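Reviewing the structure listed below.
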DNA sequence: CGCCTTGAGTAAAACGTTTTAAAGGTCGAG
DNA sequence: CTCGACCTTTAAAACGTTTTACTCAAGGCG
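Here it is in structure tokens:
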């Protein structure tokens with residue numbers, strides 16, 4: 001493999017060495033068209049000798065394909081930053097990267113930043129996976145504007161985009177049923193104030209369950225931007241106001257952290273006096289003391305599905321508008337165990 | 001913004017509408033050369049009207065710049081897969097993504113896969129961050145072969161690549177001193193069998209410390225590929241053979257999990273009878289019961305440094321051969337607390 | 001034998017941008 | 001008035017690949 005000094009060898013160099021035209025080299029390497037076996041062998045040899053590696057940028061410009069997909073979320077930094085939601089994003093990214101590679105594509109990570117427009121300006125991609133977009137999501141509208149194939153993990157607010165169903169209502173039911181089964185009878189829901197699909201559905205399920213058990217509903221909305229701190233504040237107020245509370249459902253794990261801190265400082269025993277559950281089983285849920293009961297959302301499988309659907313979409317294959325993700329499973333931890341359990 | 005049906009507007013369309021040449025448009029948009037303010041305004045208006053977005057592939061082919069960097073590791077799957085080491089990789093990737101974006105670059109995630117060659121074939125990048133490479137690292141040799149700027153997180157085995165010092169010896173000293181200070185006097189080191197720089201240094205530090213305290217060293221090597229299971233096996237054997245053991249240092253967190261399981265099944269109290277510490281403070285360390293004392297390696301800062309150095313390297317700026325990362329800090333958890341602490 | 005099809009190969013165009021070489025114009029100094 | 005310096009603008013080249021349109025030869029079939 002002797003490289004012509006300075007310059008990387010091109011298809012032209014290979015063609016010259018093999019004594020054929022550029023077109024034939026292209027056909028031999030990646031081409032659909034037939035090439036005589038003996039010619040192909042000459043070309044292969046030239047490639048090996050020169051150490052030729054195709055220039056991806058040139059190929060991509062010519063074909064229009066980027067061979068890269070992106071993963072992004074527009075969660076506000078207060079809930080997505082640090083180790084909490086970032087875990088959510090990263091679990092999905094890791095799995096998507098592996099599966100993208102199986103389709104000869106790279107995965108680029110678009111971090112949650114203040115300015116989505118500049119973030120996307122420098123990222124080339126064939127399509128995107130967007131995680132739990134909100135109504136009027138900035139990333140989503142940019143993607144639409146560029147006409148990029150997009151798959152939603154979670155549920156789209158109003159769009160007709162293909163999506164992976166994460167079973168929002170099933171998850172909420174599972175966690176609430178667990179609280180009820182453990183004996184909680186005055187259960188509060190602490191939820192984000194934004195217009196997110198997951199929150200709407202969770203709230204609906206909560207109201208239905210409370211009504212079934214004849215429990216007065218107690219919904220507290222926290223602006224997402226206030227994150228853990230906001231949840232801490234409202235929980236302290238809530239505990240003063242309603243001392244008989246014996247269960248809290250805080251789907252956002254950053255909120256759950258705030259809830260736990262409030263309970264500690266109010267001197268309430270968990271799970272003795274108050275049981276707490278959250279949704280995403282990430283670092284926060286596991287590190288809390290007592291550790292939080294949560295749902296295993298099987299994000300690796302969800303991401304694998306999203307990647308496959310996106311690849312189908314990009315390739316122009318037929319796709320299902322909605323793909324059912326794996327059902328969540330309950331991870332019972334100390335924060336909701338029956339007394340003495 | 002009225003797009004000429006079907007085709008995305010190009011610089012040529014903008015030029016025509018603004019009544020100037022392509023070159024002037026290019027100069028106005030990204031160019032270094034002067035453009036008359038009034039002309040520039042006409043061009044800006046044309047851009048807005050057409051909704052022009054530069055074709056990144058074309059730009060990249062022309063300039064030779066990809067505006068993307070990659071993060072990769074070649075840790076064997078047994079220790080890097082699942083939530084343990086993957087956490088390590090992802091913590092770095094998340095931080096690198098944010099900082100890459102500040103330099104107008106995307107971050108692509110190269111997952112640890114069986115075949116590095118095919119993994120890299122489809123990834124275009126200006127440079128790479130490689131995490132704790134081993135001797136004769138497959139990724140590393142591919143990067144070298146393609147002549148790509150590379151920064152090592154950890155320490156390179158024999159290469160002259162720029163690297164971010166993660167303070168291997170300082171970390172090992174800190175964790176061992178902690179064990180000694182907590183009263184442990186028969187301390188075993190359970191470490192990977194491979195030729196990794198971090199392991200060599202850790203072992204050296206261990207021997208020095210043991211000698212200083214007049215303790216007979218006890219080093220057990222586990223093939224990395226055996227992961228948690230391997231560590232479990234050797235620890236059970238170790239406990240039978242040396243019942244007086246009162247401290248275990250297992251730098252690899254997957255090994256620490258195996259160690260804890262062995263201790264449980266042998267009925268040894270942690271930290272009562274045996275104290276355990278590990279290195280990377282990830283999901284595994286926090287989720288273990290009792291939770292493991294570990295080192296906060298400040299991976300976000302390490303990744304930020306690596307990204308900056310890589311960007312300097314790509315831009316051809318002067319760089320330091322070795323950059324000191326942040327000093328690790330001790331995170332004391334129950335697995336090493338003094339009795340009754 | 002004549003005609004059509006097929007297969008292998010080639011030269012040149014095309015992709016959309018940035019860069020280069022050159023040209024036109026203005027302005028000030030001599 | 002002339003010359004050079006400087007600024008703006010342009011036409012065309014260049015980047016490295018894939019695709020297109022075409023040629024040429026060989027072979028099958030009537």
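Protein chains in written order, with UniProt numbering: chain D, 1 to 341; chain G, 1 to 341. Glycine included, C-beta positions come from ideal geometry on N, C-alpha and C. The structure presented is a predicted model; accordingly, all values stated were derived computationally and were not measured.
Continuous beta strand (DSSP E) stretch holding residue i: start and end
i, result
"residue 356 (chain D)", "What the structure shows of chain D is the stretch from 1 to 341, and residue 356 (chain D) is not part of that stretch, so it cannot be assessed."
"residue 249 (chain D)", "247 to 249"
"residue 10 (chain D)", "From DSSP, residue 10 (chain D) is part of no beta strand (DSSP E); its letter is neither H nor E."
"residue 151 (chain G)", "150 to 154"
"residue 330 (chain G)", "329 to 331"
"residue 320 (chain G)", "No beta strand (DSSP E) contains residue 320 (chain G), which DSSP labels as neither H nor E."
"residue 189 (chain D)", "187 to 192"
"residue 127 (chain D)", "127 to 131"
"residue 164 (chain G)", "163 to 165"
"residue 219 (chain D)", "219 to 222"
Integer-rounded CB distance, given that residue j should sit under 8 Å from residue i
i, j, result
"residue 186 (chain G)", "residue 245 (chain G)", "5 Å"
"residue 278 (chain D)", "residue 253 (chain D)", "5 Å"
"residue 97 (chain G)", "residue 109 (chain D)", "4 Å"
"residue 101 (chain D)", "residue 113 (chain G)", "6 Å"
"residue 231 (chain G)", "residue 190 (chain G)", "6 Å"
"residue 129 (chain D)", "residue 310 (chain D)", "6 Å"
"residue 287 (chain G)", "residue 286 (chain D)", "5 Å"
"residue 132 (chain D)", "residue 154 (chain D)", "4 Å"
"residue 255 (chain G)", "residue 222 (chain G)", "6 Å"
"residue 218 (chain G)", "residue 188 (chain G)", "4 Å"
Unbroken alpha helix (DSSP H) run spanning residue i, endpoints
i, result
"residue 206 (chain G)", "197 to 212"
"residue 106 (chain D)", "Run containing residue 106 (chain D): none in the alpha helix (DSSP H); it sits in the beta strand (DSSP E), 106 to 109."
"residue 138 (chain D)", "138 to 145"
"residue 169 (chain G)", "168 to 181"
Residue from the options with nearest C-alpha to residue i
i, options, result
"residue 343 (chain D)", "D:45, D:118, D:250 and D:158", "As displayed, chain D neither begins before 1 nor continues past 341, which places residue 343 (chain D) out of reach and without an answer."
"residue 351 (chain G)", "G:326, G:329, G:307 and G:331", "What the structure shows of chain G is the stretch from 1 to 341, and residue 351 (chain G) is not part of that stretch, so it cannot be assessed."
"residue 106 (chain G)", "G:120, G:169 and G:67", "G:67"
"residue 91 (chain D)", "G:267, G:295 and G:283", "G:283"
"residue 267 (chain D)", "D:65, D:235 and D:252", "D:235"
"residue 196 (chain G)", "G:74, G:331 and G:337", "G:74"
"residue 12 (chain G)", "G:41, G:35 and G:46", "G:46"
"residue 214 (chain G)", "G:151, G:103, G:184 and G:276", "G:184"
"residue 53 (chain G)", "G:170, G:143, G:7 and G:34", "G:7"
"residue 125 (chain D)", "D:216, D:65 and D:181", "D:65"
"residue 324 (chain D)", "D:311, D:297 and D:337", "D:297"
"residue 321 (chain D)", "D:165, D:123 and D:56", "D:165"
"residue 179 (chain G)", "G:139, G:9 and G:335", "G:335"
"residue 301 (chain D)", "D:312, D:49, D:328 and D:288", "D:328"
"residue 16 (chain G)", "G:57, G:43 and G:222", "G:43"
"residue 176 (chain D)", "D:222, D:247, D:156 and D:155", "D:247"
"residue 143 (chain G)", "G:99, G:48, G:121 and G:154", "G:121"
"residue 229 (chain D)", "D:338, D:259 and D:141", "D:259"
"residue 135 (chain D)", "D:313, D:198 and D:57", "D:198"
"residue 148 (chain G)", "G:18, G:316, G:207 and G:24", "G:316"
"residue 171 (chain G)", "G:338, G:123 and G:295", "G:295"
"residue 117 (chain D)", "D:141, D:330 and D:103", "D:141"
"residue 227 (chain D)", "D:202, D:26, D:60 and D:192", "D:192"
"residue 51 (chain G)", "G:272, G:89 and G:14", "G:14"
"residue 398 (chain G)", "G:20, G:152 and G:49", "Outside the modelled stretch of chain G, which goes from 1 to 341, sits residue 398 (chain G), for which no answer is possible."
"residue 326 (chain G)", "G:338, G:319, G:303 and G:313", "G:303"
"residue 104 (chain G)", "D:38, D:87, D:111 and D:99", "D:111"
Contact test: residue i Cβ vs the ligand COA heavy atom, cutoff 6 Å
i, result
"residue 122 (chain D)", "By its list of ligands, the structure shown contains no ligand whatsoever, and the ligand COA lies outside what it can speak to."
* Interface residues of the region 229 to 243 of chain G facing chain D [CB-CB below 8 Å] -> Here the close residues number zero.
* To do: Determine which residues of the region 149 to 168 of chain D have a Cβ less than 7 Å from any Cβ of chain G, and write them out in chain order.
  => Here the close residues number zero.
* To do: Enumerate, from N- to C-terminal direction, the unbroken beta strand (DSSP E) stretches of 3 or more residues contained entirely within the region 233 to 308 of chain G.
  => Within the region 233 to 308 of chain G, the complete beta strand (DSSP E) runs of at least 3 residues are 247 to 249, 275 to 280 and 293 to 296.
* Asked: Could you give the uninterrupted runs of the alpha helix (DSSP H) lying entirely in the region 15 to 67 of chain G, keeping only those of 4 residues or more?
  -> Qualifying alpha helix (DSSP H) stretches, in chain order: 22 to 30, 37 to 50 and 56 to 63.
* Within 9 Å of chain D by C-beta, residues of the region 111 to 144 of chain G in sequence order -> From the region 111 to 144 of chain G, only 111, 112, 113, 118, 119, 121, 122, 123, 124 and 125 have a Cβ closer than 9 Å to chain D.
* **Interface residues of the UniProt domain "HTH lacI-type" (9 to 63) of chain D facing chain G [CB-CB below 8 Å]** => Against chain G - using a Cβ distance shorter than 8 Å - the residues of the UniProt domain "HTH lacI-type" (9 to 63) of chain D are 51, 53, 55, 56, 57, 58, 60 and 61.
* Taking a Cβ distance cut-off of 9 Å, strictly less, list which residues of the region 66 to 77 of chain D are near chain G, in chain order. => Residues of the region 66 to 77 of chain D with a C-beta less than 9 Å from any C-beta of chain G: 66, 67, 68, 70 and 71, listed in chain order.
* Name, going along the chain, the residues of the region 91 to 103 of chain D whose beta-carbon falls closer than 7 Å to a beta-carbon of chain G. => Within the region 91 to 103 of chain D, those residues whose Cβ lies closer than 7 Å to any Cβ of chain G are, in chain order, 93, 94, 97, 98 and 101.
* With 7 Å as the C-beta to C-beta threshold (strictly closer), list the residues of the region 321 to 337 of chain D near chain G in chain order. => So nothing in the stretch comes that close.
* Asked: Just by C-beta distance, which residues in the region 290 to 318 of chain D are closer than 9 Å to chain G?
  -> Answer in chain order: 291.
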